[in-house]
Structures are given as C-alpha cells and as structure tokens.
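In terms of the working numbering, the sequence shown opens at residue 5 and continues consecutively.
Before any comments, here is the structure.
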Amino acid sequence: MKTDLTKILSTVVSSLKIEEPLKNHSTFRIGGPARYFAELHGKKELAGVFSLCRRENVPFMVMGGGSNILFSDKGFPGVIAVLRGEFTEFAFKGTRLEAGAGAAAALLVNKSLNKSLSGLELLAGVPGTLGGALCGNAGTKDSWIGSLVESVEILAESGTFVTLAGKDLSFGYRTSNLSGKIISRASLNLIKAEKNDILKAIDDLKRRRETSQPEGVFCAGSVFKNPSGESAARLIDAAGLKGLVFGGAAVSEKHANFIVNKGSATAHDVKTLIGIIHAKVKERFGVALDLEIKIIGE
5 MKTDLTKILS TVVSSLKIEE PLKNHSTFRI GGPARYFAEL HGKKELAGVF
55 SLCRRENVPF MVMGGGSNIL FSDKGFPGVI AVLRGEFTEF AFKGTRLEAG
105 AGAAAALLVN KSLNKSLSGL ELLAGVPGTL GGALCGNAGT KDSWIGSLVE
155 SVEILAESGT FVTLAGKDLS FGYRTSNLSG KIISRASLNL IKAEKNDILK
205 AIDDLKRRRE TSQPEGVFCA GSVFKNPSGE SAARLIDAAG LKGLVFGGAA
255 VSEKHANFIV NKGSATAHDV KTLIGIIHAK VKERFGVALD LEIKIIGE
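This is how it looks when you write it as structure tokens:
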C-alpha cells in the first residue's frame with residue numbers, strides 16, 4: 005500500500021508547503037521546487053520529520069539563510085526544512101551565548117555587541133544562521149567561529165538529540181566535521197571587551213567586505229575556497245575570467261570569486277561558469293580550486 009506522504013507529513017509539521025520554489029529561499033535566487041518545504045518550530049517537529057523521512061527513504065535537508073548554496077534547476081526531491089520558533093531563541097549566561105541553530109548571525113553579532121562580548125564580530129556582514137555558520141566554520145582567513153564553540157547539540161541518526169563537546173569537534177578553514185549534521189543548538193564562549201573596540205572591529209570588517217564584494221546583486225558568497233597561501237579571486241582574475249558571462253550568470257567584475265545572477269540565471273549557467281573557472285585556473289596555474297558553495301540536487 006502506497007504511503008500518503010503529504011498526509012503523514014501534515015500531521016508532523018505545522019507549516020508545510022508543496023512544490024515550493026527554492027529560488028525564493030536562496031540568496032542566488034536560483035532553484036527549482038522542493039517536493040516539500042517545512043518550517044520547523046521545535047525539536048519535536050524536527051525529530052518527527054527526520055524519522056519519517058528516514059523510514060520512507062525520502063531525502064531530507066535542513067537549510068539556513070539560503071546563502072552559500074546553489075539549488076538545482078530540478079529542485080529537491082524530498083523535504084527541505086528551515087528552523088524557526090525555538091530554534092531562533094538565544095540567551096546570554098555570563099560570557100557564554102546559548103543559541104538555536106536558526107538564530108540569525110547578524111542578530112547575534114548585534115546582541116553580543118550590546119553585551120560588550122567579543123568573538124562574533126568575525127561574522128559581521130555574513131548572512132545566514134548560526135547553524136550554517138558552524139557547518140561551514142564561517143569567519144575570516146585568520147579567525148573562525150569554531151574557535152568559540154563550547155558545545156553543539158545535533159540530531160543524531162538515531163533520531164535523538166546528542167550534545168558534542170567543542171574539544172571533540174574538528175574545525176578548519178571553511179570546513180568542520182559538523183558539515184552534513186543537523187544542528188539544533190550551540191553554546192559559544194565569548195570574551196568581555198570594550199564595546200567601542202568591538203564596534204570598531206565590526207565596522208572595519210563590514211567596510212572591507214562592502215569595499216571588495218558585490219552588493220545589491222543575487223549571489224551566494226565566495227564560490228571557491230582560497231588555496232593555502234593564495235587567493236582564489238586573484239587566480240581567477242589572473243586567468244582573465246573576471247566579467248565572464250554564461251547565460252544569465254556572470255563572474256563579478258568587483259570580486260572574481262563571486263558569481264552573480266544577472267536576473268535570469270539558472271543553476272546550469274552557474275555550474276557551467278564553475279566548470280570553466282576550475283579548468284582555466286588548473287590549466288594556467290596548476291591549482292585545483294575546491295568549491296566553497298554547496299550544490300544541492302541533481
């Protein structure tokens with residue numbers, strides 16, 4: 005007997021959309037429909053839909069703010085979930101910040117500033133959520149959020165929530181062993197500091213990002229990771245690829261490691277540019293660039 009997945013999901017999830025265009029939830033403004041798009045407001049909903057998807061062999065993914073992602077033109081054949089409600093809540097306990105994975109990074113930066121707590125200024129100007137920042141170990145080339153982690157709560161394969169100590173986690177440049185995990189909460193250790201010093205660090209980092217990165221355009225952030233001791237943007241520029249256009253996508257004139265959607269780009273357009281960039285940089289400099297953005301779907 006065929007399972008009525010829509011009916012069952014509706015009993016588990018309070019907010020469910022069918023065939024929801026993923027371009028509406030992506031900073032790239034690219035992506036076909038998700039078979040199901042769920043807004044999850046608590047741990048019971050998250051565990052319930054996760055267990056249901058495992059039982060029915062339905063692909064399941066939790067997304068953050070929609071940056072750093074390229075969704076397929078065909079969309080996603082399962083359930084895409086975003087974390088709302090209790091997952092957006094946070095509290096300060098002394099110099100420790102305890103926050104849900106769905107909390108907006110920008111909000112946490114500002115609230116930490118108000119408390120004269122330093123550490124999160126490295127996320128200044130970074131879109132997305134705490135969970136996404138932890139999975140990709142967001143930050144600068146010199147410091148990253150992983151260094152602040154006291155503990156992280158994840159939803160394990162068993163369908164239960166497990167707390168992992170920061171010392172047992174592995175963080176590196178734009179990577180962590182949390183990638184692919186479903187994060188529900190995290191505890192971060194911040195440092196008491198002068199508010200003016202924190203504000204200056206935030207303003208300086210925002211200014212650097214605004215000066216060097218494209219603004220007012222649809223993009224997903226840096227496409228490639230910087231190779232050790234080198235800049236991906238410099239290599240792409242030196243290969244003569246800045247401004248290269250394919251379909252509705254283009255290599256940014258302002259920052260060569262950004263691909264922008266000129267308004268009508270498809271995932272195919274972006275992936276074609278990615279392939280050209282990878283091949284040309286490898287041919288010219290012998291460097292194989294690794295992707296920083298995640299490509300989701302076929």
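All C-beta atoms in this analysis are idealised placements derived from N, C-alpha and C, irrespective of residue type, glycine included.
Since the model is a prediction, treat every value here as computed from it, not as a measurement.
Practice item. Might you give, ordered along the chain, the residues of its own chain that have their beta carbon closer than 7 Å to the beta carbon of residue 218, omitting 5 neighbours on each side? Key: 256, 258, 259, 262, 264
Practice item. Throw me the rounded Cβ distance for the residue 74 and residue 299 pair, which I believe falls under 8 Å. Key: 5 Å
Check your understanding: On the three-state DSSP scale, how would you describe residue 250?
Key -> strand
Check your understanding: Nearest CA to the CA of residue 152: which residue from 131, 176, 165?
Key -> 176
**Study point:** Outcome for residue 184 when other beta-carbon atoms lying within 10 angstroms are tallied against a minimum of 16
**Key:** exposed
Practice item. Identify, in the order they occur along the chain, each residue of the same chain with its Cβ nearer than 7 Å to the Cβ of residue 205, setting aside the five sequence neighbours on each side. Key: 125
Check your understanding: Touch check for the segment 130-137 and the segment 101-115: three-plus C-beta pairs under 8 Å?
Key -> yes
Review point. Helix, strand or coil for residue 85 per DSSP?
Key: strand
Check your understanding: residue 41 bridges to which residues according to DSSP?
Key -> 21, 84
**Study point:** At least three beta-carbon pairs within less than 8 Å, the segment 70-86 to the segment 219-231
**Key:** yes
Check your understanding: Given a threshold of 16 other Cβ atoms within 10 Å of its Cβ, counted over all protein chains shown, does residue 188 qualify as buried or as exposed?
Key -> buried
Exercise for review: Select from 41, 117, 267 the residue whose C-alpha is nearest the C-alpha of residue 31.
Suggested key: 267
Review point. So which of 158, 55, 143, 142 has the shortest CA-CA distance to residue 91?
Key: 158
Exercise for review: Name the one or two DSSP bridge partners that residue 96 has.
Suggested key: 101
Point to revise | Cα-Cα separation, residue 100 to residue 297 | key: 30 Å
Point to revise | Beta-carbon contacts of residue 241 that lie in its chain and below 7 Å, excluding the five residues immediately before and after | key: 260
Point to revise | Cβ neighbours of residue 248 in the same chain (closer than 6 Å, five flanking residues each side left out) | key: 255
Exercise for review: Can you grab the Cα-Cα spacing for the pair residue 97 / residue 118, in whole Å?
Suggested key: 14 Å
Check your understanding: Counting along the chain, where does the beta strand (DSSP E) carrying residue 76 start and finish?
Key -> Where residue 76 is concerned, there is no enclosing beta strand (DSSP E), given that its DSSP letter is neither H nor E.
Review point. Using a Cβ-Cβ cut-off of 7 Å (strictly less than) and excluding sequence neighbours within five positions of residue 122, which residues of its own chain qualify?
Key: 194, 195, 197, 202
**Study point:** 8 Å CB neighbourhood of residue 180 in its chain, flanking five on each side removed
**Key:** 138, 139, 140, 141, 150, 173, 174
Review point. Beta-carbon separation of residue 53 and residue 13 under 8 Å?
Key: yes
Review point. Where do the N-terminal and C-terminal ends of the alpha helix (DSSP H) with residue 55 fall, by residue?
Key: 47-60
Check your understanding: Can you round the beta-carbon distance between residue 129 and residue 213 to whole angstroms, since I take them to be within the 8 Å contact cut?
Key -> 4 Å
Check your understanding: Can you give the Cα-Cα distance for residue 251 and residue 269, rounded to whole angstroms?
Key -> 6 Å
Practice item. Below 6 Å CB to CB, which residues in the same chain sit around residue 277 once its five sequence neighbours on both sides are set aside? Key: 250, 253, 263
Practice item. Please state whether DSSP places residue 167 in a helix, a strand or coil. Key: strand
**Study point:** With 16 other Cβ atoms within 10 Å as the buried cut-off, status of residue 24
**Key:** buried
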